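Participant:
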Amino acid sequence: MDNFQQQVSHRVDAFVSDITELARAAAYEALNSALEARGVETSAPTTRPRRGGKRTAEELQNMADTFFEYVSEHPGQRMEQISKALGFSTSELSLPVKKLLASKKIQLEGQKRATQYYAAGDPNAPAKSGSRRKSKRRASKTVKRKAAKRSR
1 MDNFQQQVSH
11 RVDAFVSDIT
21 ELARAAAYEA
31 LNSALEARGV
41 ETSAPTTRPR
51 RGGKRTAEEL
61 QNMADTFFEY
71 VSEHPGQRME
81 QISKALGFST
91 SELSLPVKKL
101 LASKKIQLEG
111 QKRATQYYAA
121 GDPNAPAKSG
131 SRRKSKRRAS
141 KTVKRKAAKR
151 SR
């Protein structure tokens, strides 16, 4: 019985080996005929858009104008919302926004990611709170002076 099993196993292995070799040869022929039919072509390297290229003054001005118009129509939105609506990345908009802030065409409220943008003179824009900061400083100095007088 062991001899019978060995013979069957040997023939099955030989059959599998033959079938594998035939499949390999058929795949090789199909590949060769496909390559010969269309000729071996190497694809040209695709060019990716260059990053970090300098934008022209006109491009920056157009982006700044677009940003200003959007902020005028939609006051109080954050940079992520504005960039999504305009189709630019937030980093692409950073320079035009800086220019608009420097020219005082827009104003902002908040810090970091909570910054909201408003057109200058917009009635929805928050009032500036610079005087509050000074009063805190003055109060701090007054407290220090009173404490110094008591310790004398």
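Counted from 1, the sequence shown has number 32 at position 32 by UniProt numbering; the numbering is strictly sequential. Just so it is clear, CB atoms sit at the ideal spot from N, CA and C, and this is done for glycine as well. No experiment lies behind these values; they were computed from the predicted model shown.
Report the rounded CA-to-CA distance for Ala85 versus Ala64, giving the unit in angstroms.
Facilitator: Walking along the sequence shown from the start, residue 85 turns up at place 85. Walking along the sequence shown from the start, residue 64 turns up at place 64. Near 14 Å, if we compare the C-alpha coordinates of Ala64 and Ala85.
Participant: Take Phe88 as the anchor and find which of Gln5, Asn62, Gly121, Arg24 has the nearest alpha-carbon.
Facilitator: By one-based count along the sequence shown, residue 88 stands at place 88. Phe88 has its Cα closest to that of Asn62, out of Gln5, Asn62, Gly121, Arg24.
Participant: Tell whether a beta-carbon distance below 8 Å holds between Tyr117 and Asn124.
Facilitator: The count along the sequence shown starts at 1 and reaches residue 117 at position 117. The count along the sequence shown starts at 1 and reaches residue 124 at position 124. No. Outside cutoff.
Participant: Bridge partners for Ala34 per DSSP, in chain order?
Facilitator: Taking the first residue of the sequence shown as position 1, residue 34 is located at position 34. Answer is none; Ala34 lacks a bridge partner.
Participant: Here's a check: name, in chain order, each residue in its chain whose Cβ is nearer than 6 Å to the Cβ of Pro96, leaving out the five neighbours to either side.
Facilitator: For the purposes of this step, residue 96 is identified with residue 96 of the sequence shown, where counting begins at 1. So the list reads Leu60, Met63, Ala64, Phe67, once near-sequence residues are dropped.
Participant: Would you say Gln120 and Gln107 are within 8 Å of each other, going by their C-beta atoms?
Facilitator: Along the sequence shown, one-based indexing puts residue 120 at 120. Along the sequence shown, one-based indexing puts residue 107 at 107. Looking at the sequence provided, one finds Ala at residue 120 rather than Gln. Contact: yes.
Participant: Helix, strand or coil for Ala64, going by three-state DSSP, please let me know.
Facilitator: Here residue 64 refers to the residue found at position 64 of the sequence shown. It is helical.
Participant: Could you tell me the alpha carbon to alpha carbon distance between Leu35 and Ala26, rounded to whole angstroms?
Facilitator: In the sequence shown, the residue the question calls residue 35 occupies position 35. In the sequence shown, the residue the question calls residue 26 occupies position 26. Taking the straight line from one Cα to the other gives about 14 Å.
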